[in-house]
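Working notes for the structure below.
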Amino acid sequence: MALTPQDIARIAHLARLELSEAEGERMLTQLNGFFGIVEKMRAVDTTGIKPLPHPVAAIEPVQLRLRDDVASEPNQREANQQSAPAVERGLFLVPKVIE
1 MALTPQDIAR IAHLARLELS EAEGERMLTQ LNGFFGIVEK MRAVDTTGIK
51 PLPHPVAAIE PVQLRLRDDV ASEPNQREAN QQSAPAVERG LFLVPKVIE
């Protein structure tokens, strides 16, 4: 997947960035380089390979320090949402910010 200068201009517009032509060309080169790396990684056959719990586990055994997943604080959702301008079904409602 290769981006075009028009793609960079659109991304910059959506991100509210003002890029000069030179900056746009540099971004185009960097992003296309990144996508090239991703394509090479996708080409590697990983069937039958288990995911590692930690990157260092490939070279030495790692003992993960995990704790029990228990709630340590009381549920204060109602109290926390008292000052919210809009709430629906326990969720904060916010204005739409993406075009």
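Position one of the sequence shown corresponds to residue 1 (our numbering), numbered consecutively onward.
A virtual CB, placed ideally from N, CA and C, is assigned to each residue, including glycine.
Element boundaries [alpha helix (DSSP H), containing GLY24]:
That run of the alpha helix (DSSP H) goes 21-43.
Determine the DSSP secondary structure at GLU99, reduced to helix, strand or coil.
Coil.
Distance CB(LEU14)-CB(LEU31) smaller than 8 Å
Here LEU14 is not near LEU31, since their CB atoms are 8 Å or more apart.
Could you check what DSSP says for GLU73 in three-state terms: helix, strand or coil?
DSSP places GLU73 in coil when its eight states are reduced to three.
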